[in-house]
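Numbering (the working numbering), first residue to last: 2 to 300.
A short write-up of the structure that comes next.
Below you can see the structure in the form of structure tokens.
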């Protein structure tokens, strides 16, 4: 083969790689909203009436067999969800961890293991982002000095209202909304009880309100919503290794998300951060361990 032909082929190969990278780094939407519901087990869909979530599932993609990391408790899993890694790397290992019990493998500019917040801050410096949460423990798991909204609501309704106010006014690239129920009902009365499912259905109502508000404001068509949880539960607790505690819902819906319904791929909660990074066209750090759920994004 002539040298000139080799050079032409090499040039085409390089261009192909560049085009592939450009396509991979292209944002799929203008806004991502992560909705997390504490203690919402995947099993809850068997008995609860959740029409709003089922609509997202039907018109998007979902798994009710996604898994939490171990232990199946709150701080360790909320950290994993937004930090793209498990507790062996970010270091939060207990239900109410405020600081890592295991030294974080990497410390970012925010003074903690880098989350999706710091990725957006570094790669999209002008982008608005916020966190609204009903459980105060969330405040220790993200870079508070990097967000435009840091709000701890007294109830899930107050948390939702503040988040919607922020979204409609500021049009943020990323918003994390954390709801404290149905975890409270699970602990106080018990999982798999009428009271627990009543709280599950209230969460479904809040999700429906969010979707309606986004549609009214003309934002929904440029938004991707991800709904998930930190863990399920059994009796009045969680933290163990049963599937009732470990299996969680993972639902994605919105712009550029094909209506595929049930996914068969394996999903772990730290894949959520990776999926958000991919959606926004961000470069994922090599110390994260999550992978984007591409089966949900491609036909």
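Glycine included, every Cβ here is placed at the ideal spot set by N, Cα and C.
Determine, using beta carbons only, whether residue i and residue j come nearer to each other than 8 Å.
i	j	result
residue 228	residue 83	no
residue 256	residue 205	no
residue 233	residue 247	yes
residue 112	residue 102	no
residue 114	residue 121	no
residue 129	residue 88	no
residue 296	residue 79	no
residue 212	residue 51	no
residue 281	residue 214	no
residue 61	residue 254	yes
residue 38	residue 264	no
residue 179	residue 135	yes
residue 67	residue 226	no
residue 187	residue 110	no
residue 133	residue 163	yes
residue 239	residue 40	yes
Using the DSSP secondary-structure output, state which residues sit across from residue i in a beta bridge.
i	result
residue 229	37 and 251
residue 238	235
residue 266	The partner list for residue 266 (beta bridge, DSSP) is empty, contrary to what the question assumes.
residue 63	252 and 263
residue 243	Beta-bridge pairing links residue 243 to no other residue.
residue 224	32
Measuring straight from C-alpha to C-alpha, what distance separates residue i and residue j?
i	j	result
residue 193	residue 73	17 Å
residue 143	residue 94	15 Å
residue 266	residue 168	31 Å
residue 177	residue 139	10 Å
residue 22	residue 185	With a pLDDT of 39 at residue 22, under the threshold of 50, the modelled position of this residue cannot be trusted, and the question is left open.
residue 159	residue 43	25 Å
residue 189	residue 116	31 Å
residue 287	residue 274	13 Å
residue 299	residue 258	8 Å
residue 271	residue 141	17 Å
residue 221	residue 175	13 Å
residue 242	residue 96	14 Å
residue 25	residue 123	Below a pLDDT of 50, predicted positions are generally treated as unreliable, and residue 25, at 48, falls in that range; no measurement from the model is reported.
residue 155	residue 181	10 Å
residue 146	residue 75	22 Å
residue 10	residue 290	With a pLDDT of 39 at residue 10, under the threshold of 50, the modelled position of this residue cannot be trusted; read the value that follows with caution. Cα to Cα, the separation comes out at about 35 Å.
residue 260	residue 152	33 Å
residue 32	residue 70	27 Å
residue 34	residue 252	12 Å
residue 47	residue 276	27 Å
residue 53	residue 216	14 Å
residue 157	residue 90	30 Å
residue 283	residue 293	11 Å
residue 100	residue 56	38 Å
First and last residue of the alpha helix (DSSP H) that includes residue i?
i	result
residue 273	272 to 280
residue 201	195 to 217
residue 56	52 to 60
residue 169	157 to 171
residue 192	Careful: residue 192 lies outside any alpha helix (DSSP H) and carries neither H nor E.
For the beta strand (DSSP E) that residue i lies in, which residues bound it at each end?
i	result
residue 176	175 to 180
Can you find a C-beta in chain C that's less than 8 Å from the C-beta of residue i?
i	result
residue 106	Absent here is chain C; the protein component of the structure consists of one chain.
Is residue i near the ligand GTP, going by C-beta to nearest heavy atom under 7 Å?
i	result
residue 111	For the ligand GTP, the structure offers nothing, since it holds no ligand at all.
Inside the region 68 to 153 only - alpha helix (DSSP H) runs reaching at least 4 residues: Inside the region 68 to 153, DSSP marks whole alpha helix (DSSP H) runs of 4 or more residues at positions 75 to 84, 88 to 91 and 117 to 124, from first to last along the chain.
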